[in-house]
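Following: one structure in structure tokens, then a few remarks.
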Amino acid sequence: MASKQFDIKSYTGFKSITLLCLAVLYAPLLVVTIYSFNASQSLTNWEGLSLRWYADVFTGPESAKFKSAAWNSFVIAIIAATLATTIATLAATAMVRGGKFRLRTVSFGLISLPLMVPEIVTAVATLIFFNAIGFDRGVMTILLAHIAFCIPFAYLPISARMQGIEDSYEQAALDLYATKRQAFTRILLPLMMPGIISGFLLAFIVSLDDFIITNFVKGAGVETLPTAIFGSVKQGIKPNIMAISTMLLGVSVVMVTISYLVGKSDNTK
Amino acid sequence: MAGGAASGGSANTDTYKEARTWLLLPAWVTLSILVLAPVGMMLVYSFLTKEFRGGVVWEFSFAAYDQFFCDRGLFGDEPCAIEWTYVTIFWRSIWQAAAATLLSLAIGFPTAYFIATRPERMRPVWVFLITIPYWVNLLIRTVSMKFLLRDQGPLNDALIGMGLIDSPLHIVNTNFAVQLGLFYSYLPFMVLPIYAAVERYNFSLSEAAADLYASKFTTLRRILLPAVKPGVIAGCILVFVPSMGSFLAPDLLGGAKNFMIGSLIEEQFKGNAGNWPFGAAASMILLTMVLILLMLFARQQAKAEKAEG
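First to last, the protein sequences are chains A and B.
Under our numbering, the first residue of the first sequence is numbered 2, with each subsequent residue one higher.
Under our numbering, the first residue of the second sequence is numbered 6, with each subsequent residue one higher.
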């Protein structure tokens, strides 16, 4: 049975296209990673393995700029992801375990709004908003914009997880005279942890990687890693950019992998 | 998802219905203040008078939209003739986004189909492989693409080294480079919905077609494609919408000749043009186009769901 069914399902060439697709997706990243270890001053020639551009990122002429940008990026990403995840977890509880209500569709639309509005429009709107209310642009404006933008990215894995957890566990707790608050904090939240961690990590990466919105709402002189990299790239791609890009790339890949592995684990068993 | 129905429990309940207003309040407040209100304010700004070097004067004006659509000659006192400059930029953005969507579909459909027909255990691994690059910083991905494709880049070196070409291919600063960049930016958005649709597809339908002597291609075209159409449309929308407003791919890979909406808008706020009301008006026009597209899509999906029963 297996072989016949397999035959009907498979089309010649689809496998090659899939492999081509993976090659296109990974080739640029691999090339940048490899060239970040190039000993040469020029981008074109390969002169052997070296860590000099990594050393350059930390001690070179641009190191002060990169350090403060990295500090801003990570602080903003941690705070924005924490707040977005909290807001998203509460919202998901209302949406999944709050019964049917009139504003449910509207609420879902509102939560997914940052995904539907083109990012450049969000960036323009946020800049105009802060200008209109007279809020000085700086780290704070970046942080506020990131919190809003990260909510749907945290919400989606969290609500998906909650839909996968039947309510019998909470019902059992309620039958044994737990209050609703206890059922939520002692039963639902621990069961939700993998989803919450996934959501947090995705929100963290989205904040860490954001360029367009940050570029609009950041104050003069305030940089995050992506805006600092963009500024350098505009003056030509240099090898130290390859090194810093490879490090940032590594952070993203590690985070997504953790998110994937945690999200896969099933703690209701 | 797993085992939920088997033991009689349900996930969508009203356990916390008394608290739901309080639970939703933080999300409502945050998103209303930081997304809804700003979009409203942007609409207001598009009808204000520009201040030179950025910002606005609080005086009602239709100038931004007038500048977008009307050509009033060198001294600005002639009757309105159609201004083609900005319409052309919008048209180019639509065209580029459409080309990128087609490219993503051509590569994404076979990929999604291939993944959906793997053994169940392996599917998440394939999906994971496709999505990893998406989570890498878009700026870094676009810069990497530029580095790979440029005249003295590794791709040209490799092709020349293999003797396939004599002089480097000029890919950077062409329309194709932008399309490739957009494809690279949003491919997972094409693959995931199609994958989900093919995974739900009942393959006994294909078997029935084959039993009735339909060729493989006919089966694909007449049976499978109509069944997974909602997934294909979802994928196309999800690639097309962000492509149209993208900034990084056209800016870094396209060069000055391949200007798109994103760059036009950016220039009004960050660059030398410095015309906020005009930037707000251009953003409103882009947003309106996107929302119309999404509404048509939602109606189509609702129809498809009804048809499914």
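A virtual CB, placed ideally from N, CA and C, is assigned to each residue, including glycine.
(message) If the criterion is Cβ atoms closer than 8 Å, does the pair residue 250 of chain B and residue 225 of chain B meet it?
(response) The sequence position of residue 250 of chain B within the second sequence is 245, counting from 1. The sequence position of residue 225 of chain B within the second sequence is 220, counting from 1. Residue 250 of chain B is not a Cβ neighbour of residue 225 of chain B, given a cutoff of 8 Å.
(message) Starting from residue 61 of chain B, trace the alpha helix (DSSP H) in both directions and tell me its first and last residue.
(response) Walking along the second sequence from the start, residue 61 of chain B turns up at place 56. Premise fails: residue 61 of chain B lies in the beta strand (DSSP E), 61 to 65, not in any alpha helix (DSSP H).
(message) Strictly under 8 Å for the Cβ-Cβ distance: is residue 119 of chain B near chain A by that measure?
(response) Position 114 of the second sequence, counted from the start, is the residue given in the question as residue 119 of chain B. Answer yes: the Cβ-Cβ gap between residue 119 of chain B and chain A drops below 8 Å somewhere.
(request) Report the option in A:22, A:200, A:31 and A:24 whose CA atom is closest to the CA atom of residue 247 of chain A. (result) To locate residue 247 of chain A, count along the first sequence from 1; it is residue 246. Out of A:22, A:200, A:31 and A:24, the CA that lies nearest to the CA of residue 247 of chain A is found in A:31.
(request) Taking residue 86 of chain B and residue 76 of chain B to be in contact with their CB atoms under 8 Å, please state how far apart those CB atoms are, rounded to whole angstroms. (result) Locating residue 86 of chain B in the second sequence gives position 81, counting from the first residue. Locating residue 76 of chain B in the second sequence gives position 71, counting from the first residue. Contact flag correct, Cβ pair sits at about 5 Å.
(message) I'd like the span of the alpha helix (DSSP H) that includes residue 265 of chain A, first residue to last.
(response) Within the first sequence, residue 265 of chain A is the residue found at index 264, counting from 1. Element bounds for residue 265 of chain A: 240 to 265.
(message) Checking 8 Å against the spacing of the C-beta atoms, do residue 210 of chain B and residue 232 of chain B come in under that value?
(response) On the second sequence, position 205 is the one that residue 210 of chain B refers to. On the second sequence, position 227 is the one that residue 232 of chain B refers to. In this structure, the beta-carbon distance from residue 210 of chain B to residue 232 of chain B falls below 8 Å.
(request) Measure the alpha-carbon distance for residue 115 of chain B versus residue 81 of chain B and round it to whole angstroms. (result) Taking the first residue of the second sequence as position 1, residue 115 of chain B is located at position 110. Taking the first residue of the second sequence as position 1, residue 81 of chain B is located at position 76. Straight across, the Cα-Cα distance linking residue 115 of chain B with residue 81 of chain B is about 53 Å.
(request) Using a Cβ-Cβ cut-off of less than 9 Å, give me the residues of the stretch 116 to 145 of chain A that come near chain B, in sequence order. (result) Result list: 117, 118, 119, 120, 121, 122, 123, 124, 125, 126, 127, 128, 129, 130, 131, 132, 133, 134 and 145.
(request) Quick one: give me the first and last residue of the beta strand (DSSP E) that residue 53 of chain B is part of. (result) Taking the first residue of the second sequence as position 1, residue 53 of chain B is located at position 48. Counting along the chain, the beta strand (DSSP E) containing residue 53 of chain B begins and ends at 53 to 55.
(request) Please state if the CB of residue 259 of chain A and the CB of residue 190 of chain A are separated by a distance shorter than 8 Å. (result) As a working mapping, residue 190 of chain A is identified with position 189 in the first sequence. As a working mapping, residue 259 of chain A is identified with position 258 in the first sequence. 8 Å or more divides the Cβ of residue 190 of chain A from the Cβ of residue 259 of chain A.
(request) With residue 123 of chain A as the anchor, note down where its alpha helix (DSSP H) starts and where it stops. (result) Within the first sequence, residue 123 of chain A is the residue found at index 122, counting from 1. Judged by DSSP secondary structure, residue 123 of chain A falls within the alpha helix (DSSP H) whose first and last residues are 120 to 133.
(request) Taking residue 252 of chain B as the query, report the chain A residues whose CB atoms sit under 7 Å from its CB, ordered along the chain. (result) Within the second sequence, the letter at position 247 stands for residue 252 of chain B. Simply 121 and 213.
(request) Check whether the Cβ atoms of residue 230 of chain A and residue 154 of chain B lie closer than 8 Å to each other. (result) For the purposes of this step, residue 230 of chain A is identified with residue 229 of the first sequence, where counting begins at 1. For the purposes of this step, residue 154 of chain B is identified with residue 149 of the second sequence, where counting begins at 1. In this structure, residue 230 of chain A lies away from residue 154 of chain B, with their beta-carbon atoms at least 8 Å apart.
(request) Can you tell me the Cβ-Cβ gap for residue 273 of chain B and residue 267 of chain B, rounded? I've got them flagged as a contact below 8 Å. (result) As a first step, residue 273 of chain B is located in the second sequence; it is residue number 268 there, counting from the start. As a first step, residue 267 of chain B is located in the second sequence; it is residue number 262 there, counting from the start. That pair is no contact at about 11 Å.
(message) Which of the three DSSP states is assigned to residue 170 of chain B in this structure?
(response) Locating residue 170 of chain B in the second sequence gives position 165, counting from the first residue. Residue 170 of chain B carries a coil assignment under DSSP once its states are collapsed to helix, strand and coil.
(message) Does residue 63 of chain B pass the burial test, meaning 16 or more other C-beta atoms within 10 Å, or should it be called exposed?
(response) The sequence position of residue 63 of chain B within the second sequence is 58, counting from 1. Classification of residue 63 of chain B: exposed, given that the 10 Å Cβ count is below 16.
(message) Quick check on this structure: which residue in B:294, B:285, B:243 and B:309 has the alpha carbon closest to the alpha carbon of residue 66 of chain B?
(response) Mapped onto the second sequence, residue 66 of chain B falls at position 61. When the alpha-carbon of residue 66 of chain B is set against those of B:294, B:285, B:243 and B:309, the nearest one is in B:285.
(message) Need the endpoints of the alpha helix (DSSP H) that residue 205 of chain B sits in, please.
(response) Here residue 205 of chain B corresponds to residue number 200 of the second sequence, with the count starting at 1. It spans 180 to 205 - the alpha helix (DSSP H) in which residue 205 of chain B sits, taken as one unbroken run.
(message) How far does the alpha helix (DSSP H) with residue 231 of chain B in it extend, from its first residue to its last?
(response) The residue you call residue 231 of chain B lines up with position 226 of the second sequence. In the DSSP assignment, residue 231 of chain B falls within the alpha helix (DSSP H) that extends over 230 to 249.
(request) Return yes when the Cβ of residue 295 of chain B is within less than 8 Å of the Cβ of residue 119 of chain A, no when it is not. (result) If you number the first sequence from 1, residue 119 of chain A lands on position 118. If you number the second sequence from 1, residue 295 of chain B lands on position 290. For residue 119 of chain A and residue 295 of chain B, yes; Cβs fall inside 8 Å.
(request) List the residues of chain B that residue 102 of chain A touches, going by C-beta distances under 7 Å, in chain order. (result) As a first step, residue 102 of chain A is located in the first sequence; it is residue number 101 there, counting from the start. For the C-beta of residue 102 of chain A, the chain B residues within less than 7 Å are, from N- to C-terminus, 25.
(message) Assuming contact is defined by CB atoms lying nearer than 8 Å, are residue 197 of chain A and residue 83 of chain A in contact in what I supplied?
(response) For the purposes of this step, residue 197 of chain A is identified with residue 196 of the first sequence, where counting begins at 1. For the purposes of this step, residue 83 of chain A is identified with residue 82 of the first sequence, where counting begins at 1. The answer is no: Cβ separation not under 8 Å.
(message) At the level of alpha carbons, what is the spacing between residue 166 of chain A and residue 266 of chain A?
(response) Taking the first residue of the first sequence as 1, we reach residue 166 of chain A at position 165. Taking the first residue of the first sequence as 1, we reach residue 266 of chain A at position 265. Cα atoms of residue 166 of chain A and residue 266 of chain A: separation of roughly 13 Å, rounded to the nearest angstrom.
(request) Pick out whichever of B:53, B:265, B:218 and B:149 has its Cα sitting closest to the Cα of residue 242 of chain A. (result) On the first sequence, position 241 is the one that residue 242 of chain A refers to. Per the C-alpha coordinates, the member of B:53, B:265, B:218 and B:149 positioned closest to residue 242 of chain A is B:149.
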